[in-house]
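Under mature numbering (1 follows the signal peptide of the UniProt record, and there is no 0), read the sequence shown as residues -27 to -1, 1 to 320, first letter to last.
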Amino acid sequence: MPAPFSRRAFLSGVGGVSLLAAGMALSACSSSSTTPSASGLAKVNFQLGWLANVENMGLFMADHAGYFRDERLDVTLTPGGPSVVVEPLLVSGKAMVGLDSVDTIAKARNEGAALKIVAATMQTNPTAIMSLASAPVRTLKDLVGKRLGVQQSGVEIVNTVFKANGIDPAGVTIVPMQFDPAPLVAGDCDAFMSLLVNQPIQLDLEGVKTTTFTLAEYGYNVWADVLLVSEQTLADKDKRELIVKIVRASVRGWQDALSDTDAAAKIVVEKYGKSLNLDLKAQQKTAAAFQSVIEAGDAKTNGLLTMSAKGIADNIATLNSLGIKATAEELFDTSVLGDVYAGKTRL
């Protein structure tokens, strides 16, 4: 079965490669996930799922504002990328906490990785169908009779969403494509499978106006950038307390970042992502787009990074519809968030 549509598969096409096997070399050369430092702070390796850009601005703000240090933590935010596989680093203990999508973690569990999700950053999956504003495709049904540009990793997902919404997949012409949305602009397809936080912004900066709708609007509920830890870490009282501290500081950082995304983007560009030569305007637009998928769902009322029972159930239902075995009890642990918020909805 093709791998579910994820940023890593989307950008690098790793498809169905075993997550555990693919990451062994990375695990072997990484540092220990937590060690005491000379300052008395607990040193923690936090493995990011992607680059040092605004996707991780809340964590960078937690570091910038000193929230990790307030918790007596010395946290290294290790950038990821298209070739970085997070799960083996958690299993091996080379990282204490990491970021990935629910579907990828569920697959890793099914391969034997004893991992748990303890918090969720993106409350709405950013996978979106994009079309030109001059020839808009506004709904899923509007795709019938149209050409849809889809990456290999996304074909099964769109077909599953079609079927779940009473649409015959045969009525939509799938055109194999890569990440670059240029074929949409060139007229090689009528709509393009994209990430809400990426290609629409790219085209907007090029002066091309687009229309989008998310697959989450049609039942594709898979949280992204969720925080994962090993079951072994949660079983250790002292290490679990470190996870509570990490999540608490992360929430505070995200609260700061989303209160002023332009300012947060500027800090990321000038400090944490300086070596990437990021474009400030592009990062500020992207930061605003991330806000729309983070301050969403039940997190709008329950608090950032929280995981509601309904949200978890929706994720499990989506995974099962894609043929990925998963249960709420096996995959999620909400107790850390319970300790973090302690009955509040904002820190």
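Just so you know, even glycine gets a beta-carbon here, dropped at the ideal spot from N, CA and C.
Since residue 61 is in the beta strand (DSSP E), which residue starts that stretch and which ends it?
Secondary structure note for residue 61: it is in no beta strand (DSSP E), and the uninterrupted alpha helix (DSSP H) holding it is 59 to 64.
Give me the Cα-Cα distance between residue 57 and residue 136, rounded to the nearest whole angstrom.
Taking the Cα positions, residue 57 is about 33 Å away from residue 136.
Would you report the Cα separation of residue 254 and residue 235, rounded to the nearest angstrom?
Answer to the nearest angstrom: the Cα atoms are 9 Å apart.
Leaving out five residues on either side along the sequence, give the residues of the same chain with a beta carbon under 6 Å from the beta carbon of residue 257.
For residue 257, same chain residues with a beta-carbon under 6 Å away, outside a window of 5 residues either side, are 235, 238 in chain order.
Measure how close the beta-carbons of residue 320 and residue 220 come, nearest whole angstrom, since I'm counting them as under 8 Å.
About 10 Å separates the two Cβ atoms, so there is no contact after all.
What number of angstroms, rounded off, separates the C-alpha of residue 23 from the C-alpha of residue 178?
Using only the alpha carbons, I get a separation of about 22 Å.
Compare the Cα-Cα distances from residue 153 to each of 123, 139, 182 and report the closest residue.
Proximity to residue 153 across 123, 139, 182 peaks at 123, based on C-alpha coordinates.
Residue span of the beta strand (DSSP E) that contains residue 70, given as start and end:
Where residue 70 is concerned, the enclosing beta strand (DSSP E) stretches over 70 to 73.
Give the list of continuous alpha helix (DSSP H) stretches no shorter than 4 residues that lie fully inside the segment 129 to 181.
Every alpha helix (DSSP H) stretch that sits fully inside the segment 129 to 181 and reaches 4 residues is listed by chain position as 155 to 159, 172 to 178.
Supposed close pair residue 269, residue 286 - CB separation, criterion 8 Å
At roughly 17 Å, the Cβ-Cβ gap does not stay under 8 Å, so residue 269 and residue 286 are not in contact.
Which term fits residue 283, buried or exposed, when burial requires 16 or more other beta carbons within 10 angstroms of its beta carbon?
When all chains shown are included, residue 283 counts as exposed.
On the three-pair Cβ rule with 8 Å, is the segment 45 to 59 touching the segment 137 to 149?
These segments do not touch.
So residue 297 and residue 76 are supposed to be a Cβ contact under 8 Å. How far apart are they, rounded?
Residue 297 to residue 76, Cβ: 6 Å. Contact.
Can you tell me which of 32, 45, 31 puts its alpha carbon nearest to the alpha carbon of residue 12?
Checking every option, the nearest Cα to that of residue 12 belongs to 45.
Within a Cβ cutoff of 8 Å, which residues of the same chain sit near residue 362, ignoring the five residues on either side of it in sequence?
An answer regarding residue 362 cannot be provided, because it is not within the stretch -27 to 320 covered by the chain.
Please classify residue 248: is it buried, with 16 or more other beta-carbons within 10 angstroms of its beta-carbon, or exposed?
In the assembly as shown, residue 248 is an exposed residue. Its beta-carbon has fewer than 16 other beta-carbons within 10 Å.
C-alpha distance - residue 30 paired with residue 263, whole-angstrom precision
Their backbone Cα atoms lie some 10 Å apart in a straight line.
Beta-carbon separation of residue 288 and residue 195 under 8 Å?
Closer than 8 Å, so yes.
Residue 172 versus 162, 161, 157, residue with shortest Cα-Cα distance:
Shortest Cα-Cα distance from residue 172 to any of 162, 161, 157 involves 157.
Counted within 10 angstroms of its Cβ, other Cβ atoms place residue 80 as buried (16 or more) or exposed:
Around the C-beta of residue 80, 16 or more other C-beta atoms lie within 10 Å, and the residue is accordingly described as buried.
At the level of alpha carbons, what is the spacing between residue 33 and residue 49?
Cα to Cα, residue 33 sits roughly 10 Å from residue 49.
Return the chain-ordered ranges of every beta strand (DSSP E) run that is complete within the segment 76 to 118 and spans a minimum of 3 residues.
Whole beta strand (DSSP E) segments, 3+ residues: 88 to 95, 100 to 105.
How far does the alpha helix (DSSP H) with residue 31 in it extend, from its first residue to its last?
In the DSSP annotation of this structure, the continuous segment of the alpha helix (DSSP H) that includes residue 31 starts and ends at 30 to 37.
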